[in-house]
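Engineer: My questions will all concern the structure given below.
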Amino acid sequence: MRKLIFIFILILGVTAIVSRVNAEMTGSSYKIRWDSVNTGGGEDISGSLYNLRSTMSEVGPGNSSGTTYNLRAGYRQAGMEIPFFYAELHAQDDSSQEAYSAFSNAGKTVTVADTTGYVVDDYIVVVENEGGSEMLAAGKIASVTPTVITVDKWSGDNATMSSSPAGGDDYVYELSTNTIALDTMITSVIQTGTAMVLTLTNAQNGYACTITEDGNFRTVNGDD
């Protein structure tokens, strides 16, 4: 009878030691990197106080939360992010030229006589005083009515552009090609064109877009 009691107590003791891994853990400060137990984990987490309930090789029993964190059950699978950079060229389509009568920086709108051909998710550029002293505002179309184009946001000279242009050379263009057509080059007229580079990246240290030239302007036949 004594042997049986001793074995029973010993088993209880071992069980209590093993189950301590699943107990609640607290601390005044902490930082959790990738889990060393089992596999997976999550990004660095920090806070002044925490309650962590976890398990070894099992499904987490539930969620916990605090004033500085939310912890879901179980372990997040370890992941790897591959750096990438994507660039897309959007150039002015002269055939889409449309004169505009009103521009709103705050409202993110431009008013034209006819919006036919302008489609949501396309990119546009608004050009005020087209030529050597022109100002530009580019944006992605969010909505279109028969006379008003609304964009998600303006980029460029939008903060200083006039709400009611009066120069007679103020236009809206679609940025839907990948080449700029400057027509016939003559010394008495300044020919301009607009191009926008759309970029997408997960680079943490930023990036720079530059424009370079490989010589003088040339015609399609290669002549200067």
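Letter 108 of the sequence shown, counting from 1, is numbered 295 in the numbering used here, and no numbers are missing.
Note that the Cβ used here is the ideal one computed from N, Cα and C, for glycine as well.
At what residues does the beta strand (DSSP E) containing residue 284 begin and finish?
Structural biologist: Start and end: 272-291.
Engineer: Going by Cα to Cα distance, which pick from 255, 308 and 272 is closest to residue 395?
Structural biologist: When only C-alpha atoms are compared, the closest one is 272.
Engineer: So, for residue 345: in the same chain, excluding its five sequence neighbours on each side, which residues have a beta-carbon less than 7 angstroms away from its beta-carbon?
Structural biologist: Same-chain partners within the cutoff: 292 and 324.
Engineer: Measuring CA to CA, which of 270, 368 and 319 is closest to residue 377?
Structural biologist: For residue 377, the nearest C-alpha among the options comes from 319.
Engineer: So residue 322 is in the beta strand (DSSP E); what residue range does that whole segment cover?
Structural biologist: Where residue 322 is concerned, the enclosing beta strand (DSSP E) stretches over 322-331.
Engineer: Residue 336 to residue 286, Cα distance in whole Å?
Structural biologist: So the two alpha carbons sit approximately 13 angstroms from each other.
Engineer: Have a look at residue 304 and residue 393 and give me their C-alpha separation to the nearest angstrom.
Structural biologist: Cα to Cα, residue 304 sits roughly 35 angstroms from residue 393.
Engineer: I believe residue 358 touches residue 317 by the beta-carbon criterion, under 8 angstroms. Please report the beta-carbon distance rounded to the nearest angstrom.
Structural biologist: Indeed they touch by this definition, with Cβ atoms about 6 angstroms apart.
Engineer: Which of the three DSSP states, helix, strand or coil, is assigned to residue 382?
Structural biologist: Three-state DSSP puts residue 382 in a strand.
Engineer: With the cut-off set at 7 angstroms, would you say residue 362 and residue 275 are in Cβ contact?
Structural biologist: Going by C-beta atoms, residue 362 is not nearer than 7 angstroms to residue 275.
Engineer: Tell me, to the nearest whole angstrom, how far the beta carbon of residue 380 is from that of residue 369; I am working on the premise that it is less than 8 angstroms.
Structural biologist: Going by Cβ atoms, the distance from residue 380 to residue 369 rounds to 6 angstroms, so yes, they are a contact pair.
Engineer: Which of helix, strand or coil does DSSP assign to residue 257?
Structural biologist: If DSSP states are grouped into helix, strand and coil, residue 257 belongs with the strands.
Engineer: State buried or exposed for residue 299, treating a residue as buried only when at least 16 other CB atoms are found within 10 Å of its CB.
Structural biologist: Its Cβ being crowded by 16 or more others within 10 Å, residue 299 is buried.
Engineer: Among 402, 372, 360 and 269, whose alpha-carbon lies nearest the alpha-carbon of residue 382?
Structural biologist: For the residues 402, 372, 360 and 269, the minimum Cα distance to residue 382 belongs to 360.
Engineer: Compute the Euclidean distance between the alpha carbons of residue 243 and residue 253, then round it to the nearest angstrom.
Structural biologist: Model confidence at residue 243 stands at a pLDDT of 48, short of 50, so the residue's coordinates are unreliable; what they give is reported in the following sentence. Approximately 23 angstroms between the Cα atoms of the pair.
Engineer: Who are the near neighbours of residue 315 in its chain, counting only those whose CB is closer than 6 angstroms to its CB and skipping five residues on each side?
Structural biologist: The answer, listed in chain order, is 322, 348, 352 and 357.
Engineer: Going by the CB atoms, is the gap between residue 278 and residue 397 shorter than 7 angstroms?
Structural biologist: Not closer than 7 angstroms, so no.
Engineer: Please name the residue or residues paired with residue 306 in a DSSP beta bridge.
Structural biologist: DSSP lists no partner for residue 306.
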